[in-house]
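Below is one structure, written out as structure tokens; comments come after it.
Residue numbers (my numbering), protein chains in the order written: chain W, 37 to 259; chain H, 37 to 259.
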């Protein structure tokens, strides 16, 4: 029986670049909306739409595209034409087909980690796209198990630990998002290591009061 | 140890209505496109778009909405306005918030099935929406495990059986789709029971040559 400890790993912006594609698309979207709104207005409107939609659409590229189309129509007061909307759809397709770029030190480190641990990838987003990125990363063979989930909250982590027969006190999660990879794992009785990424989506950012009272190690990079 | 046999259950159009919501939305879409195309042209164009997109968007409502927007722009040659597109988005939201209607006999039968079997729900589509429907169905407590997957093919079934330690020869899958619920399960060494639904999406329909050489029981309803 394999009794190596289980190491949980986040995927997007922990193992490979992800948010950079959203930022680049958002930059184009701000340009597209320039006839109707300035950059900060567009950014704020898009974030409001995403926040309102995420409970029913979930995370990931498809919901992001739908939120951009919705925001474009509402910010332009219905004046935007079909051509700019089809450009938004095309950006979405590009995101769903973008190559996977591993973060520094990941390729060198993951084999060593996989020798000493059972690696459990835990990622949220669109099933098809998350699975595609795992395959394209070239890392799939290192993972013991892969969990693609709708939400990374405490009940989800408890469910994962239970289903895989993992003792929470021996479980460590590594990721770039404090609200998704750190706090709910601590709450579930595990430990967590935070590896910040330069780019973090506003809805994945913890406030000081969220973090207050919690202690966890912060690493500069994966290596 | 629980050694009751594992019974796999499909969800959409096996336990509850699903395709009916797609058909109703498609009917509205045909009306919306009437200025530019007749009904059969619109239906064929939408199916072509869905077929081209499904590999990158996966199954489910979000991909369906994106395919409708794309089809609307292309069929109207870019002449469609923002208002009709926002109506398409609104239909998507309605689908993502639609109440879950159990199919006949499901509510009465599932408890009996759950006494004698470990029930394993296996469904594909958008994670958030599939999970919402499980919760809204009121059936969640009857399931031993729930698998929401990107594709229901033979490797997926093999992976599921392996991860849950299920002996394929003791596994039976029940569902309305021959290509998704029956043929890949037989290929993986299990058995399958087909319960046809009046409404089946074109991409979930098996041809005679697909079925040729395979035998499986067909039941009229869940009861």
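All C-beta atoms, glycine included, are put in the ideal place defined by N, C-alpha and C.
Within its own chain, the residues whose Cβ lies closer than 6 Å to the Cβ of residue 169(H), once the five positions on either side in sequence are excluded, are 136, listed in chain order.
Within 10 angstroms of the beta-carbon of residue 114(W) lie fewer than 16 other beta-carbons, which makes it exposed. When DSSP states are grouped into helix, strand and coil, residue 235(W) belongs to the coil group. Between the stretch 150 to 161 of chain W and the stretch 123 to 131 of chain W, the count of C-beta pairs closer than 8 Å stays below three; the two stretches do not touch. Around residue 133(H), the beta-carbon contacts reaching into chain W at under 9 Å are 92. The CB of residue 119(W) comes closer than 9 Å to the CB of 109 and 114 in chain H, given here in chain order. Looking at the DSSP output, residue 160(W) bridges to 185(W).
Residue 37(H) sits exposed, since fewer than 16 C-beta atoms from the chains shown fall within 10 Å of its C-beta. For residue 172(H) and residue 53(W), the gap between their C-alpha atoms comes out near 35 Å.
In the structure shown, residue 230(H) adopts extended strand secondary structure according to DSSP, grouped into three states. Within chain H, no residue has its beta carbon less than 8 Å from that of residue 80(W); the closest one is some 20 Å off.
Every unbroken stretch of the alpha helix (DSSP H) spanning 4 or more residues and falling wholly within the stretch 112 to 156 of chain H is given here in chain order: 118 to 132 and 142 to 152. Under the three-state reduction of DSSP output, residue 179(W) falls in the strand class. The three-state reading of DSSP puts residue 69(H) in coil, since its state is none of H, G, I, E or B.
Judged by DSSP secondary structure, residue 75(H) falls within the alpha helix (DSSP H) whose first and last residues are 75 to 93. For residue 108(W), the closest C-alpha among the options 246(W), 62(W), 193(W) and 151(W) is that of 62(W). Taking 8 Å as the CB threshold, residue 155(H) stays off the interface with chain W. Within chain W, not a single residue places a beta-carbon under 8 Å from that of residue 39(H); the smallest gap is close to 17 Å.
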